[in-house]
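Read in order, the letters of the sequence shown correspond to residues -33 to -1, 1 to 597 in mature numbering (1 follows the signal peptide of the UniProt record, and there is no 0). A quick write-up on the structure given underneath.
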Amino acid sequence: MTSFSKIVSSKWTGHRNALLSLVCCAIASPLLAQQPLKTLLVGVDHRTVTSLDGNWHYLVDQPPARALYAPDGKVNDKTYALNTHPNIDSGPHNAEYDFATAPTLKVPGDWNTQDPTLFRYEGVIWYQRDFGFEPKPNTRTFLHIGAANYKSFVWVNQKRICDHEGGFTPFDCEVTAALKPGNNFVVIAVDSTREVDGIPSVGIDWFNYGGLTRDVSLVTVPMQFIDDYDIHLKHGSTFSAADATTLTGYVHVVGATAGTPVTLRIPEAGVDTTLKTDADGRAPFEVKASKLELWSHETPKLYKVELASGSGDQQDKLTDDIGFRDIRVDGTRILLNGKAIFLQGVNEHAEAPYRTGRVCTDEDVKNIFGFLKDMNANFVRLAHYPHDERMEREADRDGIMIWSEIPLWQHISFDKPEVYAKATYMLNEMIRRDRDKASVILWSVSNETPNNPTRTQFLTNLANEARRLDPTRPITSAIIGPHAKGNEMVENDPLTNALDVVGQNEYVGWYEGRPEDADNIKWTLPQKPILISEFGAEAKQGNHGGKDQRWTEEQQVNVYEHQFVMINKIPQVRGLIPWILMDFRSPTRNIPKLQDGFNRKGLISEDGKKKQAFYLFQKTYKEHSVGKAE
Ligand code: GCU
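Listed below in structure tokens is the structure:
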């Protein structure tokens, strides 16, 4: 069982008390809050794996989910995890289930959009599938789960393997000892129930899609294997020509003794070097490339990176496609490879165009990037949680920059040390998975959290933790909009002191005043790069009327046109991120005929129909008519 499940499961108070003593002081000294990540394999999508995607049998374990949770809160290992089959005539009374003849769900995929009887189901569903396997000697095998919302409990061949909390980041569980030659089976219980002390907490403005929402696979590696690597352009105090051809970072080899050779080859960059691991299996390096074309929106150059450790049948080899670029803040500017940039972006929930449900296929990602390119966007904020890794891979290829964030959305239990421990773990998982993706230029620690000292300390520690994990990217967060006092809007949230780039959410013309009020608003904002990280209005696609008639496409355009007048007066604005690319499901949006369970601030409807506001941004971004890079 991972140390993580001990940390976060409120069902094991024993561990929690032990943790409280640790994490309490962690609030004071963030370094202590660093929860050591259990194994988390980087670059799995570039490894040869045994996919377990496909049809899994499932059983619904309705609240209070007695098959999973015993009355004392402990997890049951002796119910559905055993995957027994009742002998209808004389079988044991309590084996009243049978995965083998149960219905199936497609994995990856949320359960809500796969079966109408599960649409609003929030609770526990047990998944099961058989799989053939031939264990090889001197290897280790991990079950890799791209994401499962929200808590997961894993068994293989009736053996308890691991637990995980967090609905949007990957996790690996070692199954080596549980596997046997021939037929095996895996059982995973997924609990999508929202919890007050969860991340996110309970009152979210998006649909709580549950299930094994991303790919599941088996990854077999040698006894010594590469689990983590960080390969980036040297990031000095300023961006220099010398650094523009210097690569640095580390490769980590699990199980490696000091002096184990690790080869790093980037043929197209003239890099071919052998590193040596230290006593912790980590091989730091700094190497000069003979030439390097830097990644950017205009030239999203990716290099084939080849890593290998060990030798013979114990050699571990993998490749990755990595872009190299420098991103940093300079005063109120954002510099990409030393050049000031303006981010013409949009927000995006992981809602699949046309079919709705969680994004989890190449098709979903192709559709979303089609909209982004059509909109002339160079940037996307993946709200409010890490998305499917396919999004970052596509962004790397297409030169679209990304704001990536963990789901500390609005009201979180900032006063609870175990919640801080969860947040640091999720931050670790997000950064571990995507630190080698050039498209990710910002890590965000939160969205619209209440301004109070406990939250500010919590998020300041978290921002510092993010910098410790990755000193090469600016840290940001989206701040809730202040209320207007006359024509003044003053942003003085102390959290902005902890940020390199400030995301300012504001809805002047929708939640705040009338659209035309924006023309006269004078903002006071920190002297840092400001991204207008949410702004917009709702409109039902195809609903037309006067520019002041709310819920029409014309009114949505009107809000944005007045917003542009206001934004153009704020000199330190370095990016636009309208809320949101596409209408998305939300249980809080229930005006019949206008919302019908969807938040309608999209520039596009959920069935891919563009609203007038989409074309406004397409034109504005093509002409670069709002905002300046410097
Ligand atoms: C907030 C929040 C979003 C929400 C949006 C809205 O700013 O960050 O998650 O969907 O407003 O009210 O539409």
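Yeah, the Cβ is synthetic: ideal placement off N, Cα and C, and Gly gets one too.
Item                                                                                                          : Value
Per-residue burial, A405 [other beta carbons within 10 Å of its own, 16 or more giving buried]                : buried
8 Å CB neighbourhood of L4 in its chain, flanking five on each side removed                                   : Y392, N395, E396, R399
Alpha carbon of I571 to alpha carbon of K577, nearest angstrom                                                : 4 Å
Contact set for S380: own chain, Cβ-Cβ below 6 Å, skip 5 residues either direction                            : D164, V386
Unbroken alpha helix (DSSP H) run spanning T423, endpoints                                                    : 420 to 436
Residue of I92, T427, K284 minimising C-alpha distance to Y176                                                : I92
Residue range of the beta strand (DSSP E) that includes E63                                                   : E63 -> no beta strand (DSSP E), and no H or E assigned at all.
Validate contact between the region 294 to 314 and the region 430 to 446 using beta carbons, cut 8 Å, 3 pairs : yes
Reduced DSSP secondary structure (H/G/I, E/B, other) of M190                                                  : coil
Where D484 sits in the DSSP three-state scheme                                                                : helix
Status (buried if at least 16 other CB within 10 Å, exposed otherwise) for V148                               : Checking the sequence shown, residue 148 turns out to be Pro, not Val. Exposed, by the Cβ-count rule.
Rounded Cβ spacing between G170 and Q377 (contact assumed at less than 8 Å)                                   : 7 Å
Exposure label - R257; buried when at least 16 CB within 10 Å                                                 : Looking at the sequence shown, residue 257 is not Arg but Ser. It is exposed - the Cβ of S257 has fewer than 16 other Cβ atoms within 10 Å.
Span of the alpha helix (DSSP H) around T391                                                                  : 384 to 401
Heavy atom of the ligand GCU within 7 Å of D283 beta-carbon                                                   : no
First through last residue of the alpha helix (DSSP H) which encompasses N525                                 : 520 to 534
Bounding residues of the alpha helix (DSSP H) (the contiguous stretch that carries G337)                      : 329 to 341
Three CB pairs or more closer than 8 Å across the region 503 to 510 and the region 461 to 479                 : yes
F(-30) burial status per 10 Å Cβ neighbour count (16 or more: buried)                                         : At F(-30) the pLDDT is 37, less than 50, meaning the model places this residue with poor confidence; the figure from the coordinates comes in the next sentence. F(-30) is buried by the Cβ-count criterion.
The ligand GCU heavy atom lying under 7 Å from the CB of W199                                                 : In the sequence as presented, Trp is not what sits at residue 199; that position holds His. No - the ligand GCU has no heavy atom lying nearer than 7 Å to the Cβ of H199.
Any non-hydrogen atom of the ligand GCU within 7 Å of K568 CB                                                 : yes
Same chain, Cβ closer than 6 Å to A(-6), five either side skipped, listed in chain order                      : In this prediction, A(-6) scores a pLDDT of 38, lower than 50, which makes its location untrustworthy; no coordinate-derived value is stated.
Endpoints, the alpha helix (DSSP H) within which F584 is located                                              : 579 to 590
Alpha carbon of N151 to alpha carbon of H24, nearest angstrom                                                 : 14 Å
Other residues of its chain near R161: CB distance less than 8 Å, five sequence neighbours each side excluded : E89, Y117, P167, S168, V169, I171, N175
Per DSSP, the bridge partner or partners of T160                                                              : In DSSP, T160 forms no bridge with anything.
In DSSP terms, what D288 is bridged to                                                                        : K271
Contiguous beta strand (DSSP E) assignments of at least 3 residues, all confined to the region 113 to 153     : 118 to 123, 126 to 132, 138 to 141
Nearest-angstrom Cα separation, counted from S411 out to W370                                                 : 7 Å
Alpha helix (DSSP H) runs wholly inside the region 435 to 501, at least 4 long, in chain order                : none
D20 beta carbon near the ligand GCU (any heavy atom closer than 7 Å)                                          : no
Buried versus exposed, by CB contacts within 10 Å (16 or more), D550                                          : buried
Residue 653 versus G113: straight-line alpha-carbon distance, rounded                                         : With the chain represented from -33 up to 597, any question about residue 653 goes unanswered, as that position is not in the structure.
Own chain, CB closer than 6 Å to N124, minus 5 neighbours either side, in chain order                         : A145, N151
Residue closest to L543, alpha-carbon to alpha-carbon, out of Y527, N557, I233, R556                          : Y527
Rounded straight-line distance, which links the Cα of D563 to that of T80                                     : 16 Å
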